[in-house]
Amino acid sequence: MSAKHALLLSSALLLSASALAASPDPDARADALVREMSRAEKLQLVFGYFSTDMQDRNYKHPEGGMTGAAGYVPGIVRLQIPAQSETDAGIGVATQRIPHPRERTALPSGLATTATWNPDLAFAGGAMIGDEARRSGFNVQLAGGVNLMREPRNGRNFEYGGEDPLLAGTMVGNEIKGIQSNHIVSTVKHFAFNDQETSRSKVDVKIDEVSARQSDLLAFELAIETGDPGSVMCSYNRVNGLHACENELLLTQVLKKDWGFKGYVMSDWGGVHSTEAAANNGLDQESGWPFDRSAYFKDALEESLLDGHVSAARLDDMTHRILRAMLANGLFENPVADLSSTIDYAAHAKVSQADEEEAIVLLKNQDALPLAQGAKTIAIIGGHADKAVLSGGGSAQVYPIGGNPVANEGPNGFPGPMIWDPSSPLSALQSRTQAKITYNDGTNLQEAAQLAAQSDIAIVFATQWTGESIDAPDLNLPNSQDTLIEAIATANPKTVVVLETGGPVLMPWLDKAAAVLEAWYPGSAGGEAIARVLSGEVNPSGHLPATFPASIAQLPRAIVDGDIKDLAEHPRVDYTVEGAAIGYKWQDKKGTKPLFPFGYGLSYSSFALSNLTTVQEGKGIRVSLTLRNSGAIDGSGLAQFYVAPSAGGWEAPKRLAAFKKVPLKAGESQTVSLTVDPRLLATWDSKAHGWKIKGGEYKVMAGNSAEDIVATATVHVAEATLGASGR
Ligand code: BGC
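With my numbering applied, the sequence shown covers 405 to 1131.
As structure tokens, this is what we get:
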């Protein structure tokens, strides 16, 4: 051995855990820590507690955890391993059931953020809520919901990123990146196929591998690549017979082996059903005790280790993954504390408002918007628009700063009560118009219609409250609001409808309304954002991240499957019906015409596209077009590219391949040139265990929505294999 080698070896041997603490390599640091830890210490890290007292269960959360929070994993002082303090969710810092909730800034719903088609806004929103999480004393944020919208009635659609894997994965991935820019860990969730709330802990989802890889799994894969979350939260449901949190195929094969995920898998609260199957098949941390029936990863795990049913190496791997995620995100060097008095709420409201302003989708406009300057009287009807805007219920619920201005609506228990963000569209509009605004709450149809008839313009605010654990019964606006809108629009042809909904709704009154805005759940400054769009201060630029079907009959299933009123143990939900043909892909495949298609959204300006070109680049393709603001006012256009093999043969006639939102001054043009991920040209080949691109001619389509394609170009793509990671 040379002197140089001897020196290197001896210095390697001297490399103690503390020396490694300075190493930037999170794997090396995690390994060094694992080597120092006792079995009891490792077991401590893989078991998480609910951080909220539950009188009904006589449960008191452990000391050290933030009160009224989702989770807590005690730290290990001896090794300076910080505690993990966990908060929901993707819309902001939520509070669990306590009498004095944490009041924080709410972003618009996740679906709204996706409707911006602007990844920078998703990042900014994530960075903002991550800052509030950190300053609230949390270092793990249970955000990053990316379950695809197979089911427009899903009660949690508002938390997610819509129906397309590329769009959802990109937007949610950017939110995760923003959250983690605060040196905290974010999750991505709920892995996987937790695409409905009906019987969510009981349903067994049936899905074939090809459809799975080309739909929900692709959304997760892209979100993980983009956001690099420290953790993945496995879901409540079963997938092909096995609980998601003990599903070897999902957790070990797909996530950890194929995608090379280096972080840890945490369970959803109450999602664990075993010790050995869960540990051996890939779950790294049990969350939210006492939601599970048994403390599977506590004494029972120790016993399994002693019996050899779970190996010591597996416990080391679990521990390593948790520590690695904490180290990679700087949790050790950047300890959290409750500094909530330093949160800049005014600045954060602006972040939320900017998000909502680009999220609002103008669905229809017959010369009604922006509101005419000359209007003398405006009737505002319904939706508590005099006080607030609606938010979605459940664990993602953010309690508004200043409290809930509309009490006693919605169920008392989870996912209620209904919470309204105190941002009044009426007040915000009044400060922007000379017109006299009169409010009517819409409960008396005749009075409301009379007010509308006497006003120059009528604006109806219609709401649909949705929440975790329950799906919407149908796609109609609840509480006879369709009848109300019909009556108002009949009384006044200049009726504008503003929708605050969790997701798509039917609009039986559409022909009568002069204009329709989809404002989603608008967030902390939603009233301001809506008023700015109505008044024309902001030119709307949101586009639908999900199809609005024309009827329930257009969906793959008439009712949400898996209702267990019949008490079936494991109701089946058959996702092979639509497979990977979700949303617009299903509509395309069936040749049906939705009410409003995916990608659709109007502007007060107009945009023209030209020069669509495409060439092969690497294994994928490059696509380009010129987008011009052909109208008279500044605004943002959306370049949306779709792709399909000319010979067909995919799950659907086309897929979204690339997109970019482009701010353009009136008359301005810009060339947009984007790379298409080769996976979007490929199909999953189960035999080869990887993605395969069939050689041949491909069509690239560009247009104003998935339905309105205005230009097509073709390109010859060479056959290629991409491997399981797609790279
Ligand atoms: C939800 C998760 C959430 C967890 C903790 C569960 O009910 O499904 O999304 O993070 O609770 O509150």
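Don't be surprised by glycine CBs; every beta carbon is placed ideally from N, CA and C. Please read all numbers here as calculations on a predicted model, not as lab measurements.
When DSSP states are grouped into helix, strand and coil, Met458 belongs to the strand group.
In this structure, Ala623 lies near Pro569, with their beta-carbon atoms less than 8 Å apart. When DSSP states are grouped into helix, strand and coil, Glu922 belongs to the strand group. Residues of the same chain with a CB within less than 7 Å of the CB of Ala487, apart from the 5 flanking positions on each side, are Gly468, Tyr476, Val477, Pro478, Gly479 in chain order. For Gln958, same chain residues with a beta-carbon under 6 Å away, outside a window of 5 residues either side, are Thr996 in chain order.
About 16 Å separates the CB atoms of Ser1129 and Gly631; that is not less than 8 Å, and the two are not in contact. Short of 8 Å from the beta carbon of Ala1092, and not among the five residues preceding or following it, lie these beta carbons of its own chain, in chain order: Thr1125. Burial state of Arg439 is exposed, judged by a 10 Å Cβ sphere holding fewer than 16 other Cβ atoms.
The C-alpha of Thr518 lies about 22 Å from the C-alpha of Phe865. Tyr749 sits in a helix when the DSSP states are folded into three classes. Annotation for Ser708: the continuous alpha helix (DSSP H) segment containing it runs 703–711. In this structure, the CA atom of Met911 is about 46 Å from the CA atom of Ser678.
With 16 or more other CB atoms across the displayed protein chains lying within 10 angstroms of its CB, Val755 is buried.
In this structure, Ser615 places its C-beta atom within 8 Å of the C-beta atom of Thr980. Taking the C-beta atoms as reference points, Glu650 is found nearer than 8 Å to Ala682.
Contact between Lys1058 and Ala1048 holds, with the beta-carbon distance rounding to 4 Å and staying under 8 Å. Shown here, Leu515 sits in a helix according to DSSP, grouped into three states. As summarised for the segment 845–884, the continuous beta strand (DSSP E) elements at least 3 residues long and confined to that stretch are 861–867, given in chain order. The criterion of a C-beta distance shorter than 8 Å is not satisfied by Ala839 and Lys916. DSSP places Gln689 in the strand class (E or B) of the three-state scheme.
Gly966 carries a coil assignment under DSSP once its states are collapsed to helix, strand and coil. For Ala1122, no alpha helix (DSSP H) encloses it, and the DSSP letter there is neither H nor E. Within a 10 Å sphere around the beta-carbon of Gly675 sit 16 or more other beta-carbons, which makes this residue buried. The segment 451–462 makes contact with the segment 682–702; the number of CB pairs closer than 8 Å reaches 3 or more.
Contact between Phe1000 and Leu767 holds, with the beta-carbon distance rounding to 6 Å and staying under 8 Å. In the three-state reduction of the DSSP assignment, Asn943 falls in the coil class. The residue among Gly1003, Gly1041, Leu1084 with its C-alpha nearest the C-alpha of Lys1023 is Leu1084. For Thr591, the uninterrupted beta strand (DSSP E) segment begins and ends at 589–595.
DSSP, read as helix, strand or coil, puts Asn561 in helix. Excluding sequence positions up to five before and after Glu613, its CB lies within less than 8 Å of the CB of Trp1088, Ser1090, all in the same chain and listed in chain order. Between Gly494 and the set Leu1013, Gly927, Arg936, Gly1099, the nearest pair of CA atoms involves Gly927. Shown here, His647 sits in a strand according to DSSP, grouped into three states. With contacts defined as CB atoms closer than 8 Å, Ser799 and Ile823 fail to qualify as a contacting pair. Counting every other CB atom within 10 Å of its CB across the protein chains shown gives Asn1033 a total of 16 or more, marking it as buried. The C-alpha of Gln600 lies about 15 Å from the C-alpha of Gly987. Secondary structure at Tyr988: helix, using DSSP grouped into helix, strand and coil.
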